[in-house]
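Only one structure is covered here, and it is reproduced in the block below.
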Amino acid sequence: MVSARVEGHSRTSRLLLIIKLAWRNLWRNRLRTGIMLACMVFGLMGVVTMMGFMTGMYANMIDNAISWQTSHLQISQRHYLQDPDINYVITDPNPIVTALSDSSAVKGFSSRVLVDGMVASARASRGVKIVGVDPEAEAVISPIDSHMSDGSWLTLEGRKPIVVSAKTASRLKLMLGSKVVLTFTNTNKDVTGAAFRVQGIFASPSSEFDESHVYVRDEDLRAAAGVQGIHQIAVLLNSADNFERSQVEQIKAALQAVSDPADEVRDWPQIQPLLATLIGQMATSNAVVLVVFVSAMGFGIINIMLMAVFERTREFGVLMAVGMEKGQIFALIVSESALLGAVGALLGIVASSVLMAVLQSTGISLGNMAAGLGAFGVDTMLYPQVSLATYQWVFVAVMVVSVLAAMYPARQILKQRPVQAMSEKH
Amino acid sequence: MSIAINKLTKTYHADSEFPVHAVQNVDLEINSGEFVAVMGPSGSGKTTLLNLIGGIDTPSSGSVMIDGKDIAELNERQLIGFRRDHVGFIFQDYSLLPVLTALENVEFVMQLQGLSSAECRRRATELLTKVGLAAQMHKVPAKLSGGQQQRVAVARALAPRPRFVMADEPTANLDAQSTAELLDIMQQLNSEEGTTFIFSTHDQRVIKRAKRVIVFEDGQLKQDQCQ
Numbered sequence: 001m002v003s004a005r006v007e008g009h010s011r012t013s014r015l016l017l018i019i020k021l022a023w024r025n026l027w028r029n030r031l032r033t034g035i036m037l038a039c040m041v042f043g044l045m046g047v048v049t050m051m052g053f054m055t056g057m058y059a060n061m062i063d064n065a066i067s068w069q070t071s072h073l074q075i076s077q078r079h080y081l082q083d084p085d086i087n088y089v090i091t092d093p094n095p096i097v098t099a100l101s102d103s104s105a106v107k108g109f110s111s112r113v114l115v116d117g118m119v120a121s122a123r124a125s126r127g128v129k130i131v132g133v134d135p136e137a138e139a140v141i142s143p144i145d146s147h148m149s150d151g152s153w154l155t156l157e158g159r160k161p162i163v164v165s166a167k168t169a170s171r172l173k174l175m176l177g178s179k180v181v182l183t184f185t186n187t188n189k190d191v192t193g194a195a196f197r198v199q200g201i202f203a204s205p206s207s208e209f210d211e212s213h214v215y216v217r218d219e220d221l222r223a224a225a226g227v228q229g230i231h232q233i234a235v236l237l238n239s240a241d242n243f244e245r246s247q248v249e250q251i252k253a254a255l256q257a258v259s260d261p262a263d264e265v266r267d268w269p270q271i272q273p274l275l276a277t278l279i280g281q282m283a284t285s286n287a288v289v290l291v292v293f294v295s296a297m298g299f300g301i302i303n304i305m306l307m308a309v310f311e312r313t314r315e316f317g318v319l320m321a322v323g324m325e326k327g328q329i330f331a332l333i334v335s336e337s338a339l340l341g342a343v344g345a346l347l348g349i350v351a352s353s354v355l356m357a358v359l360q361s362t363g364i365s366l367g368n369m370a371a372g373l374g375a376f377g378v379d380t381m382l383y384p385q386v387s388l389a390t391y392q393w394v395f396v397a398v399m400v401v402s403v404l405a406a407m408y409p410a411r412q413i414l415k416q417r418p419v420q421a422m423s424e425k426h
Numbered sequence: 001m002s003i004a005i006n007k008l009t010k011t012y013h014a015d016s017e018f019p020v021h022a023v024q025n026v027d028l029e030i031n032s033g034e035f036v037a038v039m040g041p042s043g044s045g046k047t048t049l050l051n052l053i054g055g056i057d058t059p060s061s062g063s064v065m066i067d068g069k070d071i072a073e074l075n076e077r078q079l080i081g082f083r084r085d086h087v088g089f090i091f092q093d094y095s096l097l098p099v100l101t102a103l104e105n106v107e108f109v110m111q112l113q114g115l116s117s118a119e120c121r122r123r124a125t126e127l128l129t130k131v132g133l134a135a136q137m138h139k140v141p142a143k144l145s146g147g148q149q150q151r152v153a154v155a156r157a158l159a160p161r162p163r164f165v166m167a168d169e170p171t172a173n174l175d176a177q178s179t180a181e182l183l184d185i186m187q188q189l190n191s192e193e194g195t196t197f198i199f200s201t202h203d204q205r206v207i208k209r210a211k212r213v214i215v216f217e218d219g220q221l222k223q224d225q226c227q
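Here the protein sequences come in this chain order: A and B.
Residue numbers in the first sequence follow my numbering, run continuously in steps of one, and reach 426 at the last position.
Residue numbers in the second sequence follow my numbering, run continuously in steps of one, and reach 227 at the last position.
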């Protein structure tokens, strides 16, 4: 027992000796080590910024889509999802509404009447989805009331107000107070219509959404179309992190349990599968960026280690001669490389996190790309996002590559016998 | 611990159309506590002989027996242990680790042996004091003169209490005073610690101090005399 403890202690002290030697060897050629560290730091800053930019862009796209279009959950009748007929209303909304009202995880929900139709002004017309909402409930789950470029969001007062997007207003030459006619098919399959007055003009980050949605009060649309029920309940949760889907799935299951079997609860990844795949794509693209960087860095470290090891071949021969085991020499070379990687990764992560803190405060303006970004529902001011997990992955990747990079130089040295290594003259 | 060399031959084939016989059919016995100089011109096989005895090179034929055991029969781990625990090496170019201080260089081999930090420190301090470097023990090799570095190398070689020390032309880079001081130290350690010293040299100052001189020529033992 005692001898095992003594052996363990001496093994620890030999490991500490190797690490001490490796650390000092690392700084034998300060210029060379410094240049390599500078490469790693600036490279990591570039990689982390790129990853943060991409994550920020995808996150913004998803946040905007959830805020404006899908919410976290939607409940509709199954038939309506296959064929958006005006008569396919939610079979029994009461238990759903009760469950939503009782849940502390729910920030808000909005019951909607949805009708596909045409909006026409004196100048032009275009096809739109007419969304009939309770103005107050909708304002809780959507940022629309704070994105009015002109006029105001729907109110309970006034006669048949309508809110259109700036894009629709431009196409139809509308301004506040302009009269528009909505035409659609009612529950009896008859084409009908009603006149509305523009009360507000909004602008969302998505040009596609803006072109295809107009908002009216649900009671006005119900009266015009003869709809008795509701087509959709949109639910927004309190969850701040849209990448974390467990709460969404939990609430979805709870709602499905109280819903009529004819009604279906869908979460946002089901409603917009493309957005859901973006999360996977984001991880993949970040991994590709990281792999490319660490591979390039790995070759740099191999180069440095080859130089550092081969110029000391005689020294390694002497170490073998005086009784250093091959495993210890291997550990020494790997430790030098690992310490280089650790210092580079830590400095790089510190520098990157400072840069990220600045960019998260100032944002990155992409105003000159507004038209292109609008097509994807992305804001023109982006805030890069880098999670702690990303930094951890970067550190692990750099460390793994640093250790792997030492294998070849170490193997070349260990192939030699002491007398061979000692005969080397640099 | 005695050394018995039987029909020892080392032949190199690399980088040459014809084989080079660095050591040929050497028979030799060296007893514990001897102070032996192996002399001869450059390329005569002195260093190869020391490398073969020290276990850092392997013979082409013949054997090196240490206390009756052929070191060729040791596996790699045993051979490393043999070198670490029983052989001290002194090289012409000192071969100290430049990133360690004199004290750390001397402690290094003892730490490889697994001795405690306190024991390593005590022994290293004692040896560096013996070789006259008590005031310089915290300096790195680059801050020491050639003679001082070679004294550190002697202390390092003796630190693990080896049975014999292989010194390959230890005075080649030293001036007369440094050589005399180094030889005084080695003779003193030879008598105090009973360590066997085997030098390869063509330095007459070393040969004069040796108790036994072995002359090598073209890889063959030409003369072996005590003085």
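Yeah, the Cβ is synthetic: ideal placement off N, Cα and C, and Gly gets one too.
DSSP state of residue i, grouped into three classes?
i: residue 107 (chain A); result: strand
i: residue 56 (chain B); result: coil
i: residue 1 (chain A); result: In this prediction, residue 1 (chain A) scores a pLDDT of 47, lower than 50, which makes its location untrustworthy; no coordinate-derived value is stated.
i: residue 137 (chain A); result: helix
i: residue 147 (chain A); result: coil
i: residue 368 (chain A); result: helix
i: residue 205 (chain A); result: coil
i: residue 136 (chain B); result: coil
i: residue 39 (chain B); result: strand
i: residue 324 (chain A); result: coil
i: residue 24 (chain B); result: strand
i: residue 268 (chain A); result: helix
i: residue 175 (chain A); result: coil
i: residue 215 (chain A); result: strand
i: residue 334 (chain A); result: helix
i: residue 70 (chain B); result: strand
Run the CB neighbour count on residue i, radius 10 Å, all protein chains shown included, and call it buried at 16 or more, exposed below.
i: residue 426 (chain A); result: Confidence at residue 426 (chain A) is low in this model, with a pLDDT of 49, below 50, so its placement is unreliable and no value can be given for it.
i: residue 381 (chain A); result: exposed
i: residue 362 (chain A); result: exposed
i: residue 268 (chain A); result: buried
i: residue 189 (chain A); result: exposed
i: residue 241 (chain A); result: exposed
i: residue 334 (chain A); result: buried
i: residue 169 (chain B); result: buried
i: residue 142 (chain B); result: exposed
i: residue 210 (chain B); result: buried
i: residue 295 (chain A); result: exposed
i: residue 244 (chain A); result: exposed
i: residue 68 (chain B); result: exposed
Just to make sure I have the definition right: I need the residues of chain B whose C-beta is within less than 8 Å of the C-beta of residue i. Which are they?
i: residue 323 (chain A); result: 80, 81, 83, 84, 85, 109, 112, 113, 160
i: residue 21 (chain A); result: 97, 99, 100
i: residue 387 (chain A); result: Those within 8 Å of residue 387 (chain A) in chain B number zero; the least Cβ separation is about 39 Å.
i: residue 28 (chain A); result: 98, 99
Could you list which residues in chain A have their beta carbon closer than 9 Å to that of residue i, in chain order?
i: residue 56 (chain B); result: 317, 320, 321, 417, 418, 419, 422
i: residue 91 (chain B); result: 318, 321, 422
Would you list the residues sitting across from residue i in a DSSP beta bridge?
i: residue 185 (chain A); result: A:191
i: residue 233 (chain A); result: A:75, A:111
i: residue 225 (chain B); result: B:213
i: residue 29 (chain B); result: B:4
i: residue 199 (chain B); result: B:37, B:167
i: residue 415 (chain A); result: BP columns for residue 415 (chain A) are empty, so no partner.
i: residue 12 (chain B); result: B:20
Would you grab the beta carbon distance between residue i and residue j for me? Rounded to a whole angstrom, and I think it's under 8 Å.
i: residue 161 (chain A); j: residue 172 (chain A); result: Their Cβ separation, rounded to whole angstroms, is 16 Å, which puts residue 161 (chain A) and residue 172 (chain A) out of contact at 8 Å.
i: residue 320 (chain A); j: residue 409 (chain A); result: About 16 Å; that fails the 8 Å criterion.
i: residue 167 (chain B); j: residue 128 (chain B); result: With 8 Å as the limit, residue 167 (chain B) and residue 128 (chain B) do not qualify as a contact, their Cβ atoms being about 18 Å apart.
i: residue 75 (chain A); j: residue 232 (chain A); result: 7 Å
i: residue 181 (chain A); j: residue 195 (chain A); result: 5 Å
i: residue 152 (chain A); j: residue 199 (chain A); result: 6 Å
Residues of chain A with CB closer than 8 Å to the CB of residue i, please, in chain order.
i: residue 75 (chain B); result: Chain A residues near residue 75 (chain B): none, gap ~12 Å exceeds 8 Å.
Residues of chain A with CB under 7 Å from residue i, in chain order?
i: residue 216 (chain B); result: Those do not exist, as residue 216 (chain B) stays about 18 Å from chain A at its closest Cβ, beyond 7 Å.
i: residue 117 (chain B); result: 13
i: residue 51 (chain B); result: 419
Can you pull the chain B residues whose beta carbon is under 7 Å from the beta carbon of residue i, in chain order?
i: residue 25 (chain A); result: 99
i: residue 17 (chain A); result: 111
When you measure from the CB of residue i to every non-hydrogen atom of the ligand GDP, does any distance come out below 6 Å?
i: residue 86 (chain B); result: Of the ligands one can find in the structure shown there are none, so the ligand GDP has no counterpart to examine.
If the cut is a Cβ gap below 9 Å, which residues of chain B does residue i touch?
i: residue 10 (chain A); result: 111, 113, 114, 115, 116
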